[in-house]
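Line by line, the protein sequences are chains U and F.
Numbered by full-length UniProt numbering, the letters in the first sequence go through residues 1 to 648 in order.
Numbered by full-length UniProt numbering, the letters in the second sequence go through residues 1 to 529 in order.
Shown next, in structure tokens, is the structure this report addresses.
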Amino acid sequence: MSLVPSSLAALHSGAPVVHAASADGVFSLLWLVVALPALGAAVLLLGGRRTDRWGHWLGVGTVAVSFLLSLVLFFALVGRDSGDRQVSQHLWTWFTAGKYTVNLDLLYDQLSAVFLLLITGVGGIIHLYSVGYMEHDERRRRFFGYLNLFVASMLTLVLAADYVGVFLGWEGVGLASYLLIGFWQYKPSAAAAAKKAFVINRVGDIGLSLGSALIFVTFGSTSFAVVSANADKASSGTLTAIGLLLLLAACGKSAQFPLQTWLLDAMEGPTPVSALIHAATMVTAGVYLIVRSNFIFSLTEDARTGVVIVGCITLLMGAIIGCAKDDIKKALAGSTMSQIGYMILAAGLGPAGYALAIFHLLTHGFFKANMFLGAGSVMHGTNDDVNMRHYGALQKAMPVTFVTFAIGYLAIIGVPPFAGFWSKDRIIETAFADNFVVGLCALVGAGITAFYMTRLMLMTFVTEQRWEPDVHPHESPRVMTIPLIALAALSALGGFLILNGWITDWLAPVVGTHEEKSLAIGALGMSLVTLVVVAIGIAIAWTFFGRRAVPREAPTQVSVFTRAARAELYGDAFNEEVIVKPGYTGIRGLSVFDGSFVDGIAEGTASAFGGMSSWFRLAQNGFVRSYALAVLSGAALVLLALLAVNFS
Amino acid sequence: MNFTAPHIEYDLISPILVVLGVAVVGVLVEAAVPRVYRYWTQVVLAAVGVVGALGATVYVLNRIHPGSDHPKPGFLVAEGALAVDGPTLFIWVLILVLALLGVLLFAERQLEGGVTAFAGQAAALPGTEAEREASAQGLEHTEVFPLLMFAVSGMLMFPAANDLLTLFVALEVLSLPLYLLCGLARRRRLLSQEAALKYFMLGAFSSGFFVYGIALTYGYAGSMEFSKIAQAVASSSGSRALLLGGMGMLAVGLLFKVGAAPFHAWTPDVYQGAPTAVTGFMAAATKVAAFGALLRLFYVAFGGARWDWQPLMWGVAILTMVVGSVFALTQTDVKRLLAYSSVAHAGFILTGFLGARSLGEIHAGDINPVQAVLFYVTTYGLMTMAAFAIVTVVRDAGGEATHLSRWAGLGKESPLVAGIFAFLLLGMAGIPLTSGFTGKWAVFAAALSAGAWPVVIVAVLMSAVAAYFYVRVIVVMFFADPVGDGPSVAVPSVLTSSVIAVGAAATLVLGVVPGPLLDMLGRIAEFIR
């Protein structure tokens, strides 16, 4: 199954340098791609009720035009020579402090180009779907404002030519994610989930801000151009530290171990949010950050090892959690964690894996958004029930949803020729070429993926019907099914991006090239092994859920493993015991210290000065003779002081 | 015996001449124009004069090319009596802007029901029939405008003076009209007259020291000119006791004018008693001019004796900051509070003044002390002017309500006025994003690089103390319930409003983007010698 492009060998090895030409021609419109959704957000959020009637269509429109622009830009970029595909646009100088200048520059290259298409394309589809999904919500206009804010921030993130610019987008998507998870803030669980996501993301943000600071200290600049040109001059210890800090950032945003716990709770948000932010785009920002920083990671083996370990742990963890969840969205969220684990793992493999990480990111964006929207459609038809034990036999009631979901299902478990097969298979292959244990993790993960996805599929669409009598499942309106069909098509065909090595070729100037290692059993053999493992997973799931009746209530007499998986492998319990409780104790101590000691000093000083002031005031008695005397003695003092200094 | 007429460069000192000319014409207006037209004639005349002088200053400024990287150092004019260089020109612009704002404040008529805030007839004794008659007739003293113009002309001369005699003349020209203006309040006239008398007596007293200092210095150097004095200091000729005595006495005279401790005692009484418009102008512009003169005298004439006067000034700066901040803690009157605050500010500006170093010690990109001081006085002047303008609009039946307890609940009564005042107070306290912060940062940086870290430590501590009393006012305005009827905010005419707006805007703009002004000052902040 080897599709190694021959042209790669011709390119130089080592991390490529960011060296962009300034934008001209059609590229000078680059800023509009970000500006349009930002404008949409501003109008919708500041315009108030006046925009209620048409606001959602403005939201869809801005993203759609952004998508068209991205397409035009993309083809313009394709039309250029492969060595000439980096374009930067200087917007303005953001701030200057001494020798340190941060420009608000945009960098449009092969990597940001595919991200632009993904964000505005999938984003546009999900915007359209939301018009139907949020139809009965009276705060729909605000919802679209937040969505537009998110799109603008995410575009800033992937277009920034500077770590500080990335940070701006990074915080922007964090804010949008917070607002959207807690969109139904009257539900305490949604409010709590939003807070949790925000707080845990702050931990990751510390990684990005400290990483940027260390980059600045080391290179004297935070722009990609300077850092990539000088990366090889920094010491390996520094590079590893930067790499690990950026990894921490990626862990927060991409819900990777040990900062993974927020993602499952984030499913409290409306389903289009889960599809756009918590599946297709924002959660992949960590992968983007690592791939974008390839000039750092390529030079530090240690940091890459850390990345691979995080990826392996998370891909297995997410898959195991996905096996035990009865809530359809949480099962999909576990799956998202797991799939991003694959991407992180690939990114940690260095130049061999960067392009594959991005490829899997794209295909995952297609099929996971597809399935999330499918789940939303199912919920739409079943009175917003999310429990799969209350579904069953929905394929008759919802044929379009079923077929599109099934295509997503085939894609994620990696059945050829659907998208996931091409991307995941290559990652497993490359992982085996790098290290047997890592490869094994990825392979086992593929098996578990097949198991939990088959379980989800069977419980939802096949098996006997288990819904309440007052539930009348029905197909969703066109405005929701058309996006499903579009995404299903992408899930089916997205894998062909790798045909002839197109995607790896395309990204090579950004992420560098590598020597292809071949496996002993060959690429085709590897694919067959993977398919066998996948088949085993499907078979086990069929035995448990296809052939036996699914109970309406979750069984309580279950093995310790199921219990652990249901408890999300005790991630929350761990945080509670290790961080929250000691944290509270420390805060209580500090509060006592503050109340007695610090306040004591502060108030004591204040009253001392007050007393001094009252005493001083007596000197200000209003008599001009006293004042004159003060002037006279002052003059005497001045003279005495001068003489004392000089003649002592 | 031949007499050579002195060569005067009229074009280069045109700003002073324009202001002086307007003042003289103003006196004639008082004699020749009928009473009904006087007010408008004087206001227009003063405003046009100040704007004309500003135009003239801009013309002179262009002659030294401040925009270029290497501006001309400047010109010695009128046979060396005046130095027109970067600092002089900048101070001219600043004083003229403050003077324009002063004209606007002086011309305010809406707050007193159709008359200005100045006494109807200053000669009428307070509480007599004559006074009642004067106010019944709606008399006004429009002489305040020519007086203001005379003071401004002195203030323009003061920082430019390049010999001791001119310095003294300028000092008196700026002071005498101010003494008079202080006694012209329409309300609380006894307090106002007492303030004027105190100011006059103490001012005269300190002028005595100043003149004696001139005599001693002349005895030491054999010349009045700054450059000759500098030469004498450099060659260490003459008696050191004469030099030290002269320097000390001159310092007393100037420190009195800037209101530094222990020569500050007049400040609160005079600031409180004087008409608020005068207080605002005086607090802002006098300090600007006096610091300009102090800088030139001690940097140009006594620069070589830096090691002799610096320890003394360390002490004065520390004492001034401590006295200003600590006294202010227990004040209950807004005008007295602002007076002590201005004493504390004088201390902070002196901290910047301590940054004196020889030119060789200043590295490129450093904040030089002249630049720091000029930036600080700019921010301080505009903030102070606006703050006193706000004092004029908070009123009750008896006129301005200056007791702090009357300001309780102002935030509810008029969120806009209270909000702007709070912002100005935060600026004075030096909170980031206000010009006060940048100013403090600049003077501290200048002092630190000259090794005056003990002073800077005291300055930082006193900033904290000062923040307390500024914030106390904010707390009173926003978090205390009004007493009785509570304060009322009179709606001022566009004149006072524009003073407040300009001051607040400058505080914001210079806090957010201080760069251009600081850079410009860095290029021109060099005295010619």
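All C-beta atoms in this analysis are idealised placements derived from N, C-alpha and C, irrespective of residue type, glycine included.
The structure presented is a predicted model; accordingly, all values stated were derived computationally and were not measured.
Worksheet item: Where does the unbroken beta strand (DSSP E) through Trp-441(F) begin, and where does it stop?
Response: Taking the first residue of the second sequence as position 1, residue 441(F) is located at position 441. Careful: Trp-441(F) lies outside any beta strand (DSSP E), inside the alpha helix (DSSP H) at 435–449.
Discussion item. So Asp-308(F) contacts chain U; which residues on that side make the cut at Cβ distance below 7 angstroms?
Written reply: As a working note, residue 308(F) is residue 308 in the second sequence. Leu-642, Val-645, Asn-646, listed in chain order.
Practice prompt. Could you tell me whether any Cβ in chain F is nearer than 8 angstroms to the Cβ of Phe-616(U)?
Written response: As a position in the first sequence, residue 616(U) is number 616, starting the count at 1. By this cut-off, Phe-616(U) is an interface position.
Practice prompt. Measure the C-alpha to C-alpha separation of Ala-450(U) and His-56(U) and round it to an integer number of angstroms.
Written response: Position 450 of the first sequence holds residue 450(U). Position 56 of the first sequence holds residue 56(U). Approximately 37 angstroms, taken between the alpha carbons.
Worksheet item: If you measure from the beta carbon of Leu-518(F) to each beta carbon in chain U, is any gap under 8 angstroms?
Response: Here residue 518(F) refers to the residue found at position 518 of the second sequence. Leu-518(F) does not count as touching chain U.
Worksheet item: What's the call for Ser-626(U), buried or exposed, on a 16-neighbour Cβ count within 10 Å?
Response: In the first sequence, the residue the question calls residue 626(U) occupies position 626. By the 10 Å Cβ count, Ser-626(U) comes out exposed.
Fill in: For Asp-85(F), the three-state DSSP class (helix, strand or coil)
Numbered from 1 along the second sequence, position 85 holds the residue referred to as residue 85(F). In this structure, Asp-85(F) counts as strand in the three-state DSSP scheme.
Item to complete: Within 10 angstroms of the Cβ of Gln-557(U), are there 16 or more other Cβ atoms? Answer buried if so, exposed if not.
Response: Counted from its first residue, the first sequence places residue 557(U) at position 557. Counting Cβ neighbours within 10 Å, Gln-557(U) comes out exposed, since fewer than 16 surround it.
Worksheet item: So who's on the other strand from Thr-93(U), going by DSSP bridges?
Response: As a position in the first sequence, residue 93(U) is number 93, starting the count at 1. Thr-93(U) pairs with Asn-103(U).
Discussion item. Suppose you measure from the CA of Leu-632(U) to the CA of Ile-601(U); what does that come to, to the nearest Å?
Written reply: In the first sequence, residue 632(U) corresponds to position 632, counting from 1. In the first sequence, residue 601(U) corresponds to position 601, counting from 1. Each residue's Cα considered, the two are about 38 angstroms apart.
Worksheet item: According to DSSP, is His-403(F) helix, strand or coil?
Response: Counted from its first residue, the second sequence places residue 403(F) at position 403. It is a strand residue.
Discussion item. The beta strand (DSSP E) that contains Phe-405(U), what's its start and end?
Written reply: Your numbering for residue 405(U) matches position 405 in the first sequence. Counting along the chain, Phe-405(U) falls outside any beta strand (DSSP E), though it belongs to the alpha helix (DSSP H) covering 399–413.
Worksheet entry | Min CB distance Tyr-627(U) to chain F below 8 angstroms | Taking the first sequence and counting its residues from 1, one reaches residue 627(U) at position 627. So yes, Tyr-627(U) belongs to the interface.
Fill in: His-127(U) to Leu-246(U) span [Cα, whole Å]
Here residue 127(U) corresponds to residue number 127 of the first sequence, with the count starting at 1. Here residue 246(U) corresponds to residue number 246 of the first sequence, with the count starting at 1. When rounded, the distance between both Cα atoms is 31 angstroms.
Item to complete: Assign Ser-7(U) to one of two classes, buried (16 or more other C-beta atoms within 10 Å of its C-beta) or exposed (fewer than that).
Response: Within the first sequence, numbered from 1, the residue matching residue 7(U) stands at position 7. Note that Ser-7(U) scores a pLDDT of 36, beneath 50, so its modelled location is shaky; the value from the coordinates is reported in the next line. Under this definition Ser-7(U) is an exposed residue.
Fill in: Cβ-Cβ distance between Tyr-342(U) and Lys-424(U) below 8 angstroms
Here residue 342(U) refers to the residue found at position 342 of the first sequence. Here residue 424(U) refers to the residue found at position 424 of the first sequence. Cβ atoms of Tyr-342(U) and Lys-424(U): closer than 8 angstroms.
Worksheet item: How many Å lie between Leu-640(U) and Leu-104(F) at the Cα?
Response: Reading the first sequence from its first residue, position 640 is the one you call residue 640(U). Reading the second sequence from its first residue, position 104 is the one you call residue 104(F). Between Leu-640(U) and Leu-104(F), the C-alpha separation is close to 45 angstroms.
Discussion item. I need the straight-line Cα distance from Ser-2(U) to Gly-501(U), nearest angstrom please.
Written reply: Numbered from its first residue, the first sequence carries residue 2(U) at position 2. Numbered from its first residue, the first sequence carries residue 501(U) at position 501. With a pLDDT of only 38 at Ser-2(U), under 50, the local geometry of the prediction cannot be trusted, and the value read off the model is given with reservation. So the two alpha carbons sit approximately 9 angstroms from each other.
Discussion item. Please state the DSSP three-state secondary structure of Asp-327(U).
Written reply: Along the first sequence, one-based indexing puts residue 327(U) at 327. Residue state, collapsed to three classes: strand.
Item to complete: Would you kindly work out how many angstroms separate the C-alpha atoms of Ser-177(U) and Phe-167(U), rounded to a whole number?
Response: The count along the first sequence starts at 1 and reaches residue 177(U) at position 177. The count along the first sequence starts at 1 and reaches residue 167(U) at position 167. Cα to Cα, Ser-177(U) sits roughly 15 angstroms from Phe-167(U).
Practice prompt. Give the interface partners of Trp-266(F) over in chain U, defined as CB-CB distance under 7 angstroms, in chain order.
Written response: As a position in the second sequence, residue 266(F) is number 266, starting the count at 1. Chain U residues near Trp-266(F): Tyr-627.
Worksheet item: Does the beta carbon of Phe-444(F) sit closer than 8 angstroms to a beta carbon anywhere in chain U?
Response: Counting from one through the second sequence, the residue named residue 444(F) turns up at place 444. No, Phe-444(F) lies away from the interface with chain U (no Cβ there is under 8 angstroms from its Cβ).
Practice prompt. Count the other CB atoms, across all protein chains shown, that sit within 10 Å of the CB of Leu-243(F); report buried if there are 16 or more and exposed otherwise.
Written response: Taking the second sequence and counting its residues from 1, one reaches residue 243(F) at position 243. With 16 or more other Cβ atoms within 10 Å, it is buried.
Worksheet item: Tell me which same chain residues have a C-beta within less than 7 angstroms of the C-beta of Asp-302(U), skipping the five on either side of it?
Response: Residue mapping note: residue 302(U) aligns to position 302 of the first sequence, counting from 1. Counting only Cβ-Cβ distances below 7 angstroms, and skipping sequence neighbours, we find Thr-240.
Worksheet item: Should the region 314–324 of chain U be called in touch with the region 563–575 of chain U, which here means at least 3 C-beta pairs below 8 angstroms?
Response: yes
Item to complete: Determine, using beta carbons only, whether Pro-5(U) comes closer than 8 angstroms to chain F.
Response: On the first sequence, residue 5(U) is found 5 positions in, with the first residue counted as 1. Note that Pro-5(U) has pLDDT 39, beneath the 50 cutoff, so the model's placement of it is unreliable and the number below is only indicative. No, no contact with chain F.
Item to complete: Look at the alpha carbon of Gly-286(U) and the alpha carbon of Thr-300(U), and state the distance between them as a whole number of angstroms.
Response: Sequence index remark: in the first sequence, residue 286(U) carries index 286 (1-based). Sequence index remark: in the first sequence, residue 300(U) carries index 300 (1-based). If I take the Cα positions, the gap works out to 18 angstroms.
Discussion item. I'd like the list of long-range same chain contacts for residue 651(U), defined as Cβ closer than 7 angstroms, with 5 residues on each side in sequence excluded.
Written reply: Only positions 1 to 648 of chain U appear in this structure, which leaves residue 651(U) out of reach.
Practice prompt. Return the CA-CA distance between Ala-317(F) and Phe-143(U), expressed in angstroms with no decimal places.
Written response: Looking up residue 317(F) in the second sequence gives position 317. Looking up residue 143(U) in the first sequence gives position 143. C-alpha separation (whole angstroms): 58 angstroms.
Discussion item. On the DSSP letters alone, give me the boundaries of the alpha helix (DSSP H) that Phe-372(U) sits inside.
Written reply: Residue mapping note: residue 372(U) aligns to position 372 of the first sequence, counting from 1. 354–381 is the extent of the alpha helix (DSSP H) around Phe-372(U).
Worksheet item: So does Ala-285(U) have its beta carbon nearer than 7 angstroms to some heavy atom of the ligand GTP?
Response: By its list of ligands, the structure shown contains no ligand whatsoever, and the ligand GTP lies outside what it can speak to.
Discussion item. Can you confirm whether Leu-639(U), when its beta carbon is compared against all beta carbons of chain F, has any partner nearer than 8 angstroms?
Written reply: For the purposes of this step, residue 639(U) is taken as residue 639 along the first sequence, with counting starting at 1. With 8 angstroms as the cut-off, Leu-639(U) counts as an interface residue toward chain F.
Item to complete: Indicate whether Ile-407(U) and Ala-488(U) have their beta-carbon atoms separated by less than 8 angstroms.
Response: For the purposes of this step, residue 407(U) is taken as residue 407 along the first sequence, with counting starting at 1. For the purposes of this step, residue 488(U) is taken as residue 488 along the first sequence, with counting starting at 1. Cβ distance < 8 angstroms, so Ile-407(U) and Ala-488(U) count as in contact.
Worksheet item: Do you know how far the Cα of Ser-235(U) is from the Cα of Val-288(F)?
Response: As a first step, residue 288(F) must be located in the second sequence, where it is residue number 288. As a first step, residue 235(U) must be located in the first sequence, where it is residue number 235. In a straight line, the C-alpha of Val-288(F) is about 53 angstroms away from that of Ser-235(U).
Worksheet entry | Closest Cα partner of Thr-401(U) within the set His-474(U), Gly-98(U), Ala-606(U) | Here residue 401(U) refers to the residue found at position 401 of the first sequence. When each option's Cα is compared against that of Thr-401(U), the closest is His-474(U).
Item to complete: On a CA-only basis, which of Pro-555(U), Leu-569(U), Leu-91(U) is nearest Phe-561(U)? Give me that one, please.
Response: Numbered from 1 along the first sequence, position 561 holds the residue referred to as residue 561(U). Here the closest residue by C-alpha is Leu-569(U).
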